[in-house]
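For reference, the structure discussed in these notes is given below.
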Amino acid sequence: MSESSAPRFVHIAIDVQSDFLKWLPIEKRASFPPAVRGFADDLRERGIPTIWVSYPGSRAKCQIHLPQTALSQGQPRPLSFLESLGLLAVDPRTDEAILVKDRESAFGHPVLERYLKDLGIEGVIITGMRSRACVPLAVQGAEEGDNHFSPYVMTDLLADYSNSSGRVRDREEVRDDPAWHEQAVRSKLPPSTTAKFLTSRQFLEFLDQQPAAAGKSAPDSKPDGQALG
Numbered sequence: 002m003s004e005s006s007a008p009r010f011v012h013i014a015i016d017v018q019s020d021f022l023k024w025l026p027i028e029k030r031a032s033f034p035p036a037v038r039g040f041a042d043d044l045r046e047r048g049i050p051t052i053w054v055s056y057p058g059s060r061a062k063c064q065i066h067l068p069q070t071a072l073s074q075g076q077p078r079p080l081s082f083l084e085s086l087g088l089l090a091v092d093p094r095t096d097e098a099i100l101v102k103d104r105e106s107a108f109g110h111p112v113l114e115r116y117l118k119d120l121g122i123e124g125v126i127i128t129g130m131r132s133r134a135c136v137p138l139a140v141q142g143a144e145e146g147d148n149h150f151s152p153y154v155m156t157d158l159l160a161d162y163s164n165s166s167g168r169v170r171d172r173e174e175v176r177d178d179p180a181w182h183e184q185a186v187r188s189k190l191p192p193s194t195t196a197k198f199l200t201s202r203q204f205l206e207f208l209d210q211q212p213a214a215a216g217k218s219a220p221d222s223k224p225d226g227q228a229l230g
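In terms of the numbering used here, the sequence shown opens at residue 2 and continues consecutively.
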């Protein structure tokens, strides 16, 4: 792909997988994967690809499964060994990459950073789980290193739970609203972070205002004029 046609953004969906979703309240467990899948499809229509990140555990081998077809020809595909492990709770399309990570952060893997560099990526759109663990680690990882990527966190497409016990009172400690998730992510980031926080709707509205959405500058303020960073 040439630099002129390369998308500026990529969507990284973190750990939308069944073994994590089971700790969420039933309604969130049912609604979250389709919401992230729908957002990925909205971005795909605007020329922005998605990478689905899966975390089988620290013993996993880091590997990336590259798209199998051109962007305009994606269809649902079988998950092969990922499906047998019961991990991803979505159906990646043939034109979407899958990253199997061996640590909590999606970044720090040369294979991913090389792939993003080849695509000409400058900004990463982050969704997924968890707001106080893998999501802020991905944000911080995107900002570090030689291949600095600007992170954009979709606060309405994040999920979290208090701990692995899954007890009801622990679940209720996690508020399911964008403001709570933004604060949760921010609390794990250094004060110097340049991450931007907005909802998926605000991001899509910005893209739709641009003549060529994927190649335009990223939003730096919310529609009401408040700073995102």
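Backbone N, C-alpha and C define an ideal beta-carbon position, used for all residues, glycine too.
Rounded straight-line distance, which links the Cα of residue j to that of residue i
i, j, result
"lysine 102", "leucine 67", "14 Å"
"isoleucine 126", "alanine 180", "17 Å"
"glutamate 46", "alanine 185", "30 Å"
"proline 224", "glutamine 203", "With a pLDDT of only 42 at proline 224, under the threshold of 50, the placement of this residue in the model should not be trusted; the figure read from the coordinates follows. Looking at the two C-alpha atoms, the distance is approximately 7 Å."
"proline 93", "serine 193", "34 Å"
"glutamine 64", "leucine 205", "30 Å"
"alanine 107", "glutamine 210", "30 Å"
Which listed residue (the options) has its alpha carbon closest to that of residue i
i, options, result
"leucine 25", "Pro111, Val140, Ala98 and Met130", "Met130"
"leucine 113", "Glu123, Leu100 and Arg104", "Leu100"
"serine 151", "Leu159, Leu158 and Gly142", "Gly142"
"glutamate 105", "Ala31, Ile65, Asp96 and Asp16", "Asp16"
"alanine 41", "Asp178, Ile13 and Thr156", "Ile13"
"isoleucine 52", "Asp20, Arg30, Phe207 and Val91", "Val91"
"glycine 146", "Arg9, His110, Ala98 and Tyr153", "His110"
"glutamate 183", "Asp96, Tyr153, Gln18 and Lys118", "Tyr153"
"alanine 134", "Asp119, Tyr162, Asp209 and Gly121", "Tyr162"
"glycine 124", "Asp96, Ile27 and Met155", "Met155"
"leucine 88", "Arg115, Thr95, Gln64 and Ser19", "Ser19"
"aspartate 96", "Leu190, Glu28, Phe21 and Gly48", "Gly48"
Residues that residue i bridges to, as DSSP identifies them
i, result
"alanine 98", "Ile52"
"histidine 66", "Ile99"
"histidine 12", "Thr51 and Ile126"
"tyrosine 116", "Answer by DSSP bridge pairing: none, since tyrosine 116 is not bridged."
"alanine 160", "Met130"
"serine 151", "Gly124"
"lysine 1", "The requested residue 1 is not part of the displayed model; the chain covers only 2 to 230."
Assumed close pair residue i, residue j - CB separation to whole angstroms, cut-off 8 Å
i, j, result
"leucine 158", "serine 201", "5 Å"
"leucine 138", "valine 11", "Not quite, the Cβ-Cβ distance comes to about 17 Å (not below 8 Å), so this is no contact."
is_contact[residue i, chain B] using C-beta, thresh 8 Å
i, result
"phenylalanine 21", "The structure shown contains no chain B, having only a single protein chain."
Stretch-stretch touch, CB-based, cutoff 8 Å, three pairs: the stretch 36-46 with the stretch 186-197: no
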